[in-house]
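Protein chains in written order, with my numbering: chain H, 630 to 777; chain R, 630 to 777. For every residue, glycine included, the Cβ atom is placed at its ideal position computed from N, Cα and C. The structure presented is a predicted model; accordingly, all values stated were derived computationally and were not measured. Here the structure is laid out as structure tokens; the discussion comes afterwards.
2 protein chains.
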Amino acid sequence: MLYTVGEMAKRLGVAPSTLRYYDKEGLLPFVERSSGGIRMFKDADFEWLQVIECLKKTGMSLTNIKHFIEMSMQGDDTIDERLTLIIKQKEAVKAQIDDLSKTLKTLEFKEWYYKTAKETGTTSVPRNMTLGELPEEYREVRKALRGE
Amino acid sequence: MLYTVGEMAKRLGVAPSTLRYYDKEGLLPFVERSSGGIRMFKDADFEWLQVIECLKKTGMSLTNIKHFIEMSMQGDDTIDERLTLIIKQKEAVKAQIDDLSKTLKTLEFKEWYYKTAKETGTTSVPRNMTLGELPEEYREVRKALRGE
DNA sequence: TCTTGACTTAAAGTTGACTTTAACTTGTAT
DNA sequence: ATACAAGTTAAAGTCAACTTTAAGTCAAGA
Chain H
630 MLYTVGEMAK RLGVAPSTLR YYDKEGLLPF VERSSGGIRM FKDADFEWLQ
680 VIECLKKTGM SLTNIKHFIE MSMQGDDTID ERLTLIIKQK EAVKAQIDDL
730 SKTLKTLEFK EWYYKTAKET GTTSVPRNMT LGELPEEYRE VRKALRGE
Chain R
630 MLYTVGEMAK RLGVAPSTLR YYDKEGLLPF VERSSGGIRM FKDADFEWLQ
680 VIECLKKTGM SLTNIKHFIE MSMQGDDTID ERLTLIIKQK EAVKAQIDDL
730 SKTLKTLEFK EWYYKTAKET GTTSVPRNMT LGELPEEYRE VRKALRGE
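Structural data, given as structure tokens:
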């Protein structure tokens, strides 16, 4: 099965211009062309594009993704480097999840804060509560917010 | 306790120019000035800046953060809107965590893939395995990557 | 053959969030 | 009184990752 840039873009849910841009930047060295110069994406290319998508979601730059693709094109000599890179990105994603979990805790505190404000009619009620009056789960969050 | 822009920036771990930029964009209407025009940050302002940081981490744009700050300056009439916004951001962060968890699963598959390639000396071994030969936990991930 | 929609490239434009620069002012320490 | 680090502004510059534009080419259907 072969796809034009528009068809592959639709399958991936991205704009055709994005795929052309990636190609121009050297991220798609595996894509072949028709005799007339039109890009012909194979099914295997879809998998490459999914890997690119995955690495993008880890926060990796296109430049570094390009390096990974280049390594992959090199063949089996680069397996070790690729493994190392994947493990590094895995750790990076774990760190991002931890970070977002902290952000989530802060938002849960703020939700409680505004729910309490709503019930009492004013933010001064939750704002002026002592630490002891706060639900225990929000104490550390408030201390951090206030720099204590 | 009062802080200059440089002192507050250091406390937050950001560049002074960032705080000046936020101020210029209207995100810091609460910051007061000395008679000579120098910004004097209060301890309460540190808390505002932490809230701005938190909202930034949720992926909210500075424009929308500005709206939230403006609502907060409005006073108790906007409690309900602020609560709604916080809940929306909470859901957004949960979705981001779910997304990253999927990305993590894909990276774990890739880690297994390259470890297997390393052991056998070639990526063709993990690549050509049938679904049944794969560890069960990676089957769905590989199907998704290949678009099956 | 002709039309038409989708393809091609190079180059310029966009966006958001800063950072840097230049020219000038403030405030503290000697 | 003077020096000097750190403050001020407006305006321009930077960066990554696209998107848009313009001018032209390809390929499938009537």
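For Asp-709/H, which residues in chain R fall below 9 Å Cβ to Cβ? Tyr-743, Lys-747
Whole angstroms are fine: how far does the CA of Lys-695/R sit from the CA of Ala-685/R? Going by the sequence as given, residue 685/R is Lys instead of Ala. Going from the Cα of Lys-685/R to the Cα of Lys-695/R covers about 11 Å.
Please list the terminal residues of the continuous alpha helix (DSSP H) segment that includes Met-758/R. First-last for Met-758/R: undefined, no H or E at that position.
Contact set for Leu-631/R: own chain, Cβ-Cβ below 8 Å, skip 5 residues either direction: Met-669, Phe-670, Lys-671
Are the C-beta atoms of Ile-716/H and some chain R residue less than 9 Å apart? yes
Looking at C-beta atoms only, is the number of pairs between the region 706-716 of chain R and the region 652-661 of chain H that lie closer than 8 Å three or more? no
Measuring CA to CA, which of Ile-698/H, Lys-717/H, Leu-714/H, Val-770/H is closest to Glu-740/H? Val-770/H
Counting only runs that start and end within the region 640-721 of chain R, where is the alpha helix (DSSP H) found for 4 or more residues in a row? 645-653, 672-686, 691-703
Is Phe-659/R close to chain H? Criterion is C-beta to C-beta, closer than 9 Å. no
For Met-637/H, count the other beta carbons within 10 Å of its own beta carbon; 16 or more makes it buried, fewer makes it exposed. Which is it? buried
With 9 Å set as the bound, which would you pick, yes or no: does the beta-carbon of Ile-681/R sit closer than that to a beta-carbon of chain H? Cβ-Cβ to chain H under 9 Å: no for Ile-681/R.
With a threshold of 9 Å between beta-carbons, can Phe-675/R be considered close to chain H, or not? yes
Under the assumption that Ile-698/R contacts Leu-648/R (Cβ atoms under 8 Å), give the Cβ distance between them as a whole number of angstroms. With a Cβ gap of about 14 Å, Ile-698/R and Leu-648/R do not count as contacting.
Taking the alpha-carbon positions, what's the Leu-641/H to Gly-776/R distance? Rounded to whole angstroms, Leu-641/H and Gly-776/R show a C-alpha spacing of 10 Å.
Cut-off 7 Å between Cβ atoms - residues of its own chain near Thr-749/R, not counting five sequence neighbours on either side: Excluding sequence neighbours, Thr-749/R sits near nothing in its chain.
Mind checking whether Ile-667/R and Thr-633/R have CB atoms under 9 Å apart? yes
Given a threshold of 16 other Cβ atoms within 10 Å of its Cβ, counted over all protein chains shown, does Pro-755/H qualify as buried or as exposed? buried
Checking contacts by CB at 9 Å: is Val-722/H closer than that to chain R? yes
Rounded C-beta distance between Thr-687/H and Val-722/H? I'm assuming under 8 Å. 5 Å
Cutoff 8 Å; reference Gln-718/H; Cβ partners in own chain excluding five residues on either side: Here the set comprises Leu-684, Thr-687, Met-689.
Is any beta-carbon of chain H found at less than 9 Å from that of Ile-694/R? no
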